[in-house]
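Worksheet: one structure, shown below.
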């Protein structure tokens, strides 16, 4: 990298969805999966020594987090909202997804933030997946249908491929009567190096 030239911020998306691509209903998760929540916490929290990760979320996602978990601990929380006036203590509010990434860039450049994750909701996922800087999607796929009113967007054919990542369990997970898989999709390079 040339001195004085910022490295373009790359980021990831992480979500859990059921077979009909549902991710939420009435501003809550339609399932209770403790192992999946622990996986989400681990993936979004593990950072290089001395750094934290950033999580970017929309206002409804922020509102859906139980108060005892707000802000998500050990991570820089950025809430995208045009109406929220007060930032969570020690965290940030951005007016748009683009503003959120601009807010995080100096934290990455300054060595405070390691990885950035988009954690919901549907509109931010759409924006993230359309952005070539979104290089990975951590997608828990639940083998059941739930009534949902919010959905994860389709991954465009030819843009992402299923990959294996060290530390991500490959085997089918079971909780109660539900089964699911932790899948990781890598953006397919356009061939330019």
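Residue numbers (this note's numbering): 3 to 195. Cβ coordinates follow ideal geometry from the N, Cα and C atoms, glycine included. This one's a predicted model, so the numbers in the text were calculated from it and none came from an experiment.
Segments of 3+ residues assigned as beta strand (DSSP E) that fall wholly inside the region 100-178: The DSSP assignment places complete beta strand (DSSP E) segments of no fewer than 3 residues inside the region 100-178 at 115-120, 136-144, 162-165 and 175-177, in order along the chain.
Rounded C-beta distance between residue 73 and residue 93? I'm assuming under 8 Å. With a beta-carbon spacing of about 5 Å, residue 73 and residue 93 fall inside the 8 Å limit used to define contacts.
Less than 8 Å between the CB atoms is what I'm expecting for residue 15 and residue 38, so what's the real figure, rounded? Not really, about 16 Å apart at Cβ, beyond 8 Å.
So the candidates are 77, 162, 59 and 76; which of them puts its Cα closest to the Cα of residue 83? When only C-alpha atoms are compared, the closest one is 59.
Which of helix, strand or coil DSSP assigns to residue 77: Residue state for residue 77 is assigned as strand, using DSSP reduced to three classes.
Quick one: grab the DSSP three-state call for residue 25. If DSSP states are grouped into helix, strand and coil, residue 25 belongs with the strands.
Checking 8 Å against the spacing of the C-beta atoms, do residue 24 and residue 153 come in under that value? In this structure, residue 153 lies closer than 8 Å to residue 24 by Cβ.
In terms of DSSP beta bridges, what is residue 42 paired with? Note: residue 42 sits in no beta bridge, so no partner.
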